[in-house]
Amino acid sequence: MKLLYEGKAKQIYATDDQNQIIIHYKDDATAGNGVKKGTIENKGILNNKISALIYMYLMKHGVKTHFIKELNERDQLAYKVDILPLEVICRNVIAGSAAARYKIPEGTKIDQPIYEICWKNDDLGDPLIADNHALAFKLATKEELAYIYEETDKINKLLIEFFKTMGINLIDFKLEFGRLKDGQIVLADEISPDTCRLWDSQTNEKLDKDRFRRDLGNIEEAYHEILKRLTGK
Ligand code: TMP
3 MKLLYEGKAK QIYATDDQNQ IIIHYKDDAT AGNGVKKGTI ENKGILNNKI SALIYMYLMK
63 HGVKTHFIKE LNERDQLAYK VDILPLEVIC RNVIAGSAAA RYKIPEGTKI DQPIYEICWK
123 NDDLGDPLIA DNHALAFKLA TKEELAYIYE ETDKINKLLI EFFKTMGINL IDFKLEFGRL
183 KDGQIVLADE ISPDTCRLWD SQTNEKLDKD RFRRDLGNIE EAYHEILKRL TGK
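The numbering of the sequence shown is my numbering, which starts it at 3 and goes up by one.
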């Protein structure tokens, strides 16, 4: 298989069909724009499974995505997209960079979600930008931005309910979107404990990548716990 792209946590391979790719999930973990590096044993296997389950749930509820199917422990088949150079962040509770930026204690509840966009630009450290920057820098069109916000709102509502049934509070998460060959925008990349903050509803225990970012230990166990709650096994 021809390697098309290697990111921090995944590799993308070509397939015989030029419109489809294979996403291979690695155990590598990075934080702080690559400053902190490590591996989380079995993370690739866990995130492949977790992300596939979340994608299937979203698609069942009408969200258009790049996902086709899980192939094996570490690989997924997906439609090839051009990823928009935007990270869309949705916050339901203040945490992480929002807690630091606005000096609001982590865990502070807010009455309505906050949607942020960041410019995917490693050299600049993925800066937070306004819609006007995205338009001026031609990162997305006005219509695409409107669609992305609408989809993110829909996905947030679906995911809040989904995780609630498993005793998990969805604190915040990051989404990426891509452009299919025909121009249609679809949800892309993974949704996993690497890209979401997931706190146990009873204890507020962190069951996500903050365990790695903040050296809290029991990282693999936390990811396992998420998979266990998703599958009921
Ligand atoms: P933040 O509080 O660090 O801005 O992160 C908000 C959410 O987005 C959190 O769930 C982690 C996720 N995220 C990513 O998945 N990738 C990233 O590069 C960043 C900055 C955040």
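We put the CB at the ideal spot given by N, CA and C, even for glycine.
Name the DSSP beta bridge partners of residue i, please?
i    : result
T41  : D30
D174 : R93, R199
D184 : For D184, which the question treats as bridged, DSSP gives no partner whatsoever.
I24  : Y15, L79
Does the beta carbon of residue i come closer than 9 Å to any beta carbon on chain D?
i    : result
S194 : Considering every chain present, this structure includes no chain D. It has just one protein chain.
Do you know how far the Cα of residue j is from the Cα of residue i?
i    : j    : result
K105 : R215 : 19 Å
Y36  : E222 : First, the residue type needs correcting, since residue 36 is Gly and not Tyr in the sequence shown. Those two C-alpha atoms are separated by around 20 Å.
V83  : Y149 : 16 Å
N123 : A142 : 14 Å
E72  : P115 : 31 Å
I187 : I173 : 25 Å
T17  : F175 : 30 Å
K230 : V95  : 24 Å
G219 : G180 : 34 Å
I170 : L200 : 6 Å
P107 : S99  : 11 Å
K235 : T205 : 21 Å
A224 : L209 : 5 Å
L55  : D133 : 31 Å
I197 : D212 : Checking the sequence shown, residue 197 turns out to be Thr, not Ile. Cα-Cα distance, rounded: 10 Å.
F69  : I24  : 10 Å
Exposed or buried, which one is residue i when buried takes at least 16 other CB atoms within 10 Å?
i    : result
P129 : exposed
Q20  : exposed
N50  : buried
Y57  : buried
D125 : exposed
E178 : buried
Y7   : exposed
Do residue i and residue j have their C-beta atoms within less than 9 Å of each other?
i    : j    : result
K66  : L189 : yes
Y117 : I91  : yes
A138 : L147 : no
I1   : S203 : The displayed coordinates of the chain run from 3 to 235. Any statement about residue 1 would go beyond what the structure contains.
I47  : E75  : yes
D30  : K39  : yes
D191 : I85  : yes
Let's see if you can read the secondary structure: which residues bound the alpha helix (DSSP H) around residue i?
i    : result
I228 : 221-233
L86  : Note, L86: premise wrong, no alpha helix (DSSP H); not H, not E.
F214 : 212-215
Can you give me the start and stop residues for the beta strand (DSSP E) that residue i sits inside?
i    : result
E163 : Note, E163: premise wrong, no beta strand (DSSP E); alpha helix (DSSP H) at 144-166.
L6   : 5-8
D113 : 111-121
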